[in-house]
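Report on the following structure.
Number of protein chains: 2
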Amino acid sequence: MRQIGEAQLDDIALGAGVLGTGGGGDPYIGKLLAQQSVREYGPVTVVDVSEVDDDALVIPAGMMGAPTVMVEKLPHGNEIVHAFERLQHHLGGRATHTMSLEIGGLNSVVPFCLAARLGLPVVDADLMGRAFPELQMCLPGVFGIDCAPMAVADDKGNASIVEGVTNAWTERLSRSLTVDMGCSSMIALYPMAGHQLRETTITGSLATAEALGRLIRETREAHGDPIAAILERCDGHHLFSGKVLDVERRTERGFARAHVRIAGLDGDAGSNFHLRTQNEHLVAEREGEVLASVPDLIIVLDSETGQPITTEELRYGFRVAVVALPCDPRWRSEAALDLVGPRYFGYDFDYVPIEQRVNGAG
Amino acid sequence: MRQIGEAQLDDIALGAGVLGTGGGGDPYIGKLLAQQSVREYGPVTVVDVSEVDDDALVIPAGMMGAPTVMVEKLPHGNEIVHAFERLQHHLGGRATHTMSLEIGGLNSVVPFCLAARLGLPVVDADLMGRAFPELQMCLPGVFGIDCAPMAVADDKGNASIVEGVTNAWTERLSRSLTVDMGCSSMIALYPMAGHQLRETTITGSLATAEALGRLIRETREAHGDPIAAILERCDGHHLFSGKVLDVERRTERGFARAHVRIAGLDGDAGSNFHLRTQNEHLVAEREGEVLASVPDLIIVLDSETGQPITTEELRYGFRVAVVALPCDPRWRSEAALDLVGPRYFGYDFDYVPIEQRVNGAG
């Protein structure tokens, strides 16, 4: 058990920018919201999964929608309480804890807005170990835990409880509601008993994000190489370096889709690179050859500062390094790859773990 | 208080075909479902509004979607129980009664499926006195009663509780869910206390539909003129007679839209007529001149038998008489016309009551 205040939120948000793989909404925005809540209501208690009682009622909460919209249409903080309380009402019980839906992007810290307001502890864990674009792409789902009942709420006061017959149906129905709500909504979902957290979530992910953020910050302060530090800490691989030529964006069915073209620089000069994105980066290619794919993490970093760059920020002229980090090993089972592998997203190739791709190519 | 069995359902459904103004789904389908339920579970008790206790919990129920889809994707009867029970759970109480959302089309009798299964009485009233395409077009809404909380359910087991901040938002959100569910869903909505029914609903509408159906049946049996009988009973007006030339249909945003062209016959020979339809007929025109519009009822009848014809049945070659009946006078207030008048549907003219149009033209 520990207290999280403004300073720790700085580091968590920076680390979550890396783990967001381009999506999840700009964690800088989430950080400002969380820090404002902490200033107003006091620091938030974070507990480890081992400290959560077996019969605790844990309700993850966050934002849903296109990150391009989320960062322009800021929540005032009460909508997430609205969503959370609707789900509590539906369940007929009070939550004992909340937690992050995804450790990538602004959803890493949005639960702190809720926790500060309601005086609830946050569990140090998340459902993805990164960010993914769709709600059924949560590890508890792989272990048979229902996303539903789920609450969706917006800034205008609209709210809904969604109970899909599968997690994919819950995603589909809540996505349509989110589109109607203006491509951005606040959600509470995957209600779980404490004992269900142990095997089915990514534990310690707030600590992981915080340590990663601190590492980047301290390496910068020491005039070191933050990109090298990230790769060493996370067993990551440098994919390529270059200059952004073009970002073709479209907001489609509630998702921010993009195709990013990057011209190689330095050792990669003369090569062209492509990123395919649905909120998060899905596939990295060099001259048509796949270098990395979901569920491994593909991350665009500023080549000087190591600052993670979200897809909505990315634009012509940016000098970037693209790196890949291995995902949680549980995402590599056959059942998990059916949910989050490249074929799910419409790509005609099988997932190959990043370390095998790198060794095969090297 | 009276019992409704298979025979009465025949007459109610026939009358509801007239009051459906082309939409609301083919009442023949609703009748088969209701009669099957009555055969299986026994007759249903119908009570007058005056017999309902002030603190009764009345939950109207029915189908939502495009009638073209509703009549092909038949419910098996349990989905409506599913929707109803979700709303009861959300409200934390048991309903004492159910009732029809609209007396036009299949929704006039769908509540009998529910009532038979759950042993609930049906209140002899509805929320429209006809059929309308959108959920906020209910008379209780004009008196400030909320459509929400509302339950939506489908045949697959998906369900949702929708709480729009206005009735128009509840319509919009539940329409998106209905489109995802395959353009047809079962709904429970406008939960009301008994005392709220008295001023805000159309009372006696099941009796009205039954009497109208019986009149048509008996007039046919006596080789009389059923169209003349309908006009006399309902203070209606004959608009024109002709042969259907073309029905241009499209299913759009969950609605069945249509543009019907009719060539005049008999006294109307040489004239062309048009009907504009969104589930229900909205506007009737002769050579560009408006003859009748919402909220008055525009009805297409078989010119020989007086049988009401739904928009999805209508096709080239049908010989039809188009008639108009005055709507409930409460639909003619300024507030009500904002909800259901021609301008709401995008037409650039003000509503003129049918009897004034006829007198003005005559």
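Chain order of the listed sequences is A and B. Per UniProt numbering, the first sequence starts with residue 1, numbered consecutively. Per UniProt numbering, the second sequence starts with residue 1, numbered consecutively. Backbone N, C-alpha and C define an ideal beta-carbon position, used for all residues, glycine too.
TODO: Anything in the stretch 156-175 of chain B with a Cβ closer than 7 Å to a Cβ of chain A? List those residues in chain order, please.
DONE: K156, G157, N158, A159, S160, I161, V162, E163, G164, V165, W169, R172 and L173
TODO: Give me whichever residues DSSP pairs with D126 (chain A) in a beta bridge.
DONE: A:I202
- [ ] To the nearest angstrom, report how far apart S293 (chain A) and E85 (chain B) are at their CA atoms.
- [x] 44 Å
Task: Limits of the unbroken beta strand (DSSP E) element including F240 (chain B) - done: H237 to E252
Open item on the list: Does F84 (chain B) come out as helix, strand or coil in the three-state DSSP assignment?
Closed with: helix
Open item on the list: Less than 7 Å between CB atoms is the rule here; does D53 (chain B) satisfy it with respect to chain A?
Closed with: no
Task: For R250 (chain B), the nearest candidate out of B:F345, B:T277, B:E72 and B:L231 (CA to CA) - done: B:T277
TODO: Check whether the stretch 132-142 of chain B touches the stretch 336-347 of chain B, counting contact only when three or more Cβ pairs, one atom from each stretch, lie closer than 8 Å.
DONE: yes
TODO: Give a yes or no on whether the C-beta atoms belonging to V244 (chain B) and I262 (chain B) are separated by under 7 Å.
DONE: yes
TODO: Could you confirm whether any beta carbon from chain B is found closer than 7 Å to the beta carbon of D124 (chain A)?
DONE: no
TODO: Please report the residue range of the alpha helix (DSSP H) in which E285 (chain A) lies.
DONE: First-last for E285 (chain A): E280 to R286, but that is the beta strand (DSSP E), not the alpha helix (DSSP H).
Open item on the list: Measuring only the C-alpha atoms, how far is A193 (chain B) from M150 (chain A)?
Closed with: 28 Å
- [ ] Taking only beta-carbon positions, decide if D180 (chain A) is within less than 7 Å of chain B.
- [x] yes
Task: Cβ-based burial, R130 (chain A) [other Cβ within 10 Å; buried from 16] - done: buried
Task: 8 Å contact criterion, which D296 (chain A) and I202 (chain A) should meet: CB distance rounded - done: Contact flag wrong, Cβ pair sits at about 15 Å.
TODO: For G141 (chain A), collect the residues of the same chain with a Cβ closer than 6 Å to its Cβ; drop the 5 residues on either side in sequence, then sort them by chain order.
DONE: N167
Task: Close-in-space but distant-in-sequence residues of the same chain around L197 (chain A) (CB under 7 Å, 5 per side omitted) - done: V49, V52, V58, V123 and A125
- [ ] In angstroms with no decimal places, state the Cα-to-Cα distance between R286 (chain A) and G270 (chain A).
- [x] 11 Å
- [ ] Decide if the stretch 169-189 of chain B is in contact with the stretch 168-181 of chain A; the criterion is three or more beta carbon pairs, one per stretch, under 8 Å apart.
- [x] yes
Open item on the list: Using a Cβ-Cβ cutoff of less than 6 Å, which residues in the same chain neighbour H90 (chain B) once the five nearest sequence positions on both sides are dropped?
Closed with: P149 and I161
Open item on the list: For a cutoff of 7 Å on Cβ pairs, would you count L297 (chain A) as touching chain D?
Closed with: Of the protein chains in the structure, A and B, none is chain D.
TODO: Step through the CB atoms of chain B and report whether any lies within less than 7 Å of the CB of L57 (chain A).
DONE: no
Task: Given 8 Å, three or more beta-carbon pairs between the stretch 6-22 of chain A and the stretch 305-314 of chain A - done: yes
Open item on the list: Contact criterion: CB-CB distance below 7 Å. Does L135 (chain B) meet it with respect to chain A?
Closed with: no
Task: For V47 (chain A): DSSP bridge partner residues - done: A:V123
Open item on the list: Can you tell me whether I103 (chain A) is helix, strand or coil according to DSSP?
Closed with: coil
Task: Inter-residue spacing [alpha-carbon to alpha-carbon] between F349 (chain B) and V18 (chain A) - done: 57 Å
TODO: Out of A:A16, A:I12, A:A61 and A:E6, state which residue places its alpha-carbon closest to the alpha-carbon of Q35 (chain A).
DONE: A:E6
Task: Rounded C-alpha distance that separates G213 (chain B) from R233 (chain B) - done: 11 Å
Task: Candidates B:L215, B:A61, B:R357 and B:A159: closest to E289 (chain B) by CA position - done: B:R357
Task: 9 Å Cβ cut-off: residues of chain A touching H90 (chain B) - done: H89, H90 and I161
Task: Buried/exposed call for L101 (chain A), threshold 16 Cβ in 10 Å - done: buried
Open item on the list: Classify M1 (chain B): buried if its beta carbon has 16 or more other beta carbons within 10 angstroms, exposed otherwise.
Closed with: exposed
Task: Nearest-angstrom Cα separation, counted from L291 (chain B) out to A258 (chain B) - done: 18 Å
Open item on the list: Please classify D235 (chain B) as buried or exposed, where buried requires at least 16 other C-beta atoms within 10 Å of its C-beta.
Closed with: exposed
Task: Helix, strand or coil at Q35 (chain B) [DSSP, three-state] - done: helix
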